[in-house]
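J.: Residue numbers (our numbering): 1 to 99.
All C-beta atoms, glycine included, are put in the ideal place defined by N, C-alpha and C.
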């Protein structure tokens with residue numbers, strides 16, 4: 001069922017059951033109508049983030065994302081200006097060479 005959200009406790013419980021050998025991924029998938037790929041993703045999250053798994057702190061900071069986007073736009077603007085200046089300089093030099 002797409003769109004369902006599961007609590008942090010539920011996700012940790014599922015991961016602990018698989019990692020602890022209490023139940024297989026297939027058993028948990030049948031019992032809770034989950035996909036194996038979802039359980040793999042949850043296990044990876046716990047492996048990578050440990051205690052921070054499934055918390056808001058594990059998500060990228062929104063203000064940092066906005067700052068990155070702002071800097072990327074600025075880099076694009078500078079690149080465009082640099083290209084324009086190079087073309088202008090080349091045009092200027094070619095006109096200087098014909099005199």
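Note down the Cα distance separating residue 52 from residue 37, rounded to an integer number of angstroms.
T.: So the alpha carbons of these two residues sit roughly 21 Å apart.
J.: Evaluate the contact criterion for the stretch 9 to 29 versus the stretch 40 to 48: three or more CB pairs, one atom per stretch, below 8 Å.
T.: yes
J.: Residue range of the alpha helix (DSSP H) that residue 30 falls in?
T.: In the DSSP assignment, residue 30 falls within the unbroken alpha helix (DSSP H) covering 25 to 32.
J.: When we look at the beta-carbon of residue 71 and count the other beta-carbons within 10 Å, is it buried (16 or more) or exposed?
T.: When all chains shown are included, residue 71 counts as exposed.
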